[in-house]
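Colleague:
2 protein chains.
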Amino acid sequence: MTADADADVDVDVDFGADGLVPAVAQDADSGEVLMLAYVSPTALERTRETGRAHYYSRSRDELWEKGVTSGHVQRVEEVRVDCDADALLYLVDQEGGACHTGHRSCFHRTVEGETVGERVFDPDDVYDDG
Amino acid sequence: MTADADADVDVDVDFGADGLVPAVAQDADSGEVLMLAYVSPTALERTRETGRAHYYSRSRDELWEKGVTSGHVQRVEEVRVDCDADALLYLVDQEGGACHTGHRSCFHRTVEGETVGERVFDPDDVYDDG
Numbered sequence: 001m002t003a004d005a006d007a008d009v010d011v012d013v014d015f016g017a018d019g020l021v022p023a024v025a026q027d028a029d030s031g032e033v034l035m036l037a038y039v040s041p042t043a044l045e046r047t048r049e050t051g052r053a054h055y056y057s058r059s060r061d062e063l064w065e066k067g068v069t070s071g072h073v074q075r076v077e078e079v080r081v082d083c084d085a086d087a088l089l090y091l092v093d094q095e096g097g098a099c100h101t102g103h104r105s106c107f108h109r110t111v112e113g114e115t116v117g118e119r120v121f122d123p124d125d126v127y128d129d130g
Numbered sequence: 001m002t003a004d005a006d007a008d009v010d011v012d013v014d015f016g017a018d019g020l021v022p023a024v025a026q027d028a029d030s031g032e033v034l035m036l037a038y039v040s041p042t043a044l045e046r047t048r049e050t051g052r053a054h055y056y057s058r059s060r061d062e063l064w065e066k067g068v069t070s071g072h073v074q075r076v077e078e079v080r081v082d083c084d085a086d087a088l089l090y091l092v093d094q095e096g097g098a099c100h101t102g103h104r105s106c107f108h109r110t111v112e113g114e115t116v117g118e119r120v121f122d123p124d125d126v127y128d129d130g
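Residue numbers (our numbering), protein chains in the order written: chain A, 1 to 130; chain B, 1 to 130.
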């Protein structure tokens, strides 16, 4: 018996020199692009195991589950990979807002500085500075 | 007379150590995420000047106008920037397909290897290898 060459097999993601790939989170229903963050092999593994979006924080240098502090978790419906296998797309069901500023999307400004995105929560109510 | 503090001013994009930021191209009508590529200060400037998407190729180490070879240009309706100003979102009107494989989107596969995206052209008809 030979292996089935047509069977779907996991794509070999190219994590590159720094061990990270950029991942775009998109609202699975509305199509809104919510954020861009970075993903390590472990972050991808945890995302697939748990169905909740995990990333790797470059500034804090640690694995990070989206929404652990804010409650604004992302349930991941599907993970896609691009043609070069060096970028990911998370199709998510976003609880609350993706952005720490209180906006639904981190991409809530034009490059000209105009705010175009919806604000859905007050960060003071969500992030405890005390 | 004082400057108007409320006036929209261009966001100061953080191009980071390597002088590049990731940019997501999204179909302005359908909301489909088409591709992720990198943008240099010059690529952003050209994009805003011409209204056509420019990127910076890390592999070829050069400025790159999307669609120059294939004809599959992206007319940019809006450029957005994320909360940390280190990622961009191009809202585009995509001619043909964004992906060199002939698919509408570079994100046409799940990480499990299943093809889920639409193929809209035959690369052999578009890219001249001769």
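Even for Gly, the Cβ is constructed at its ideal location relative to N, Cα and C.
Below 8 Å between beta carbons: does that hold for Asp82/A and Cys106/B?
Modeller: yes
Colleague: Taking DSSP as the reference, what is the three-state secondary structure of Ala43/B?
Modeller: DSSP places Ala43/B in helix when its eight states are reduced to three.
Colleague: Among Leu36/A, Ala85/A, Tyr56/A, Ala53/A, which has the Cα closest to the Cα of Gly16/A?
Modeller: Ala85/A
Colleague: Kindly indicate which residue of Val111/B, Asp14/B, Tyr56/B, Gly51/B has the alpha-carbon position closest to the one of Val76/B.
Modeller: Gly51/B
Colleague: So is the beta-carbon of Phe107/A under 7 Å away from any non-hydrogen atom of the ligand FMN?
Modeller: Among the components of this structure there are no ligands whatsoever, and the ligand FMN is therefore not found.
Colleague: Residues of chain A with CB closer than 7 Å to the CB of Val33/B, please, in chain order.
Modeller: Val24, Gln26, Val33, Leu89
Colleague: Which same chain residues end up closer than 7 Å to Gly102/A when comparing Cβ atoms and leaving out the 5 residues on each side of it in sequence?
Modeller: Arg119, Val120, Phe121, Asp122, Pro123
Colleague: Measure the C-alpha to C-alpha separation of Ser30/A and Gly97/A and round it to an integer number of angstroms.
Modeller: 13 Å
Colleague: Counting along the chain, where does the beta strand (DSSP E) carrying Asp18/A start and finish?
Modeller: No beta strand (DSSP E) contains Asp18/A, which DSSP labels as neither H nor E.
Colleague: For Thr101/A, return the contacting residues in chain B, with the cut-off set at a CB-CB distance below 8 Å.
Modeller: Cys83
Colleague: May I ask which residues mark the beginning and end of the beta strand (DSSP E) holding Asp93/B?
Modeller: 88-94
Colleague: Is Arg60/B buried or exposed, if buried means 16 or more other CB atoms sit within 10 Å of its CB?
Modeller: exposed
Colleague: Scan the segment 62-81 of chain A for residues whose Cβ lies nearer than 7 Å to a Cβ of chain B and list them as they occur along the chain.
Modeller: Glu78, Val79, Arg80, Val81
Colleague: Taking the Cβ atom as the reference point for each residue, do Glu78/A and Thr110/B lie within a distance shorter than 8 Å?
Modeller: yes
Colleague: Can you tell me the Cβ-Cβ gap for Val39/B and Leu20/B, rounded? I've got them flagged as a contact below 8 Å.
Modeller: 6 Å
Colleague: Per the DSSP calculation, Val76/B is bridged to which residue(s)?
Modeller: Under DSSP, the beta-bridge partners assigned to Val76/B are Val92/B.
Colleague: Could you have a look at Thr50/A and say whether DSSP puts it in helix, strand or coil?
Modeller: helix
Colleague: Is it true that the CB of Pro22/B sits closer than 8 Å to the CB of Pro41/A?
Modeller: no
Colleague: With a threshold of 8 Å on Cβ separation, who are the neighbours of Glu62/B within its own chain once the five nearest residues in sequence on each side are excluded?
Modeller: Tyr56
Colleague: Which residue comes first and which comes last in the alpha helix (DSSP H) that contains Val126/B?
Modeller: Note, Val126/B: alpha helix (DSSP H), 123-126.
Colleague: Using Cβ-Cβ distances below 7 Å, what residues of the segment 36-55 of chain A are close to chain B?
Modeller: Leu36
Colleague: Rank His100/B, Gln74/B, Thr115/B by C-alpha distance to the C-alpha of Val92/B and give the top, closest one.
Modeller: Gln74/B
Colleague: Does the Cβ-Cβ distance between Leu36/B and Ala87/A come in under 8 Å?
Modeller: yes
Colleague: Can you look up Ala37/A in the DSSP assignment and give me helix, strand or coil?
Modeller: strand
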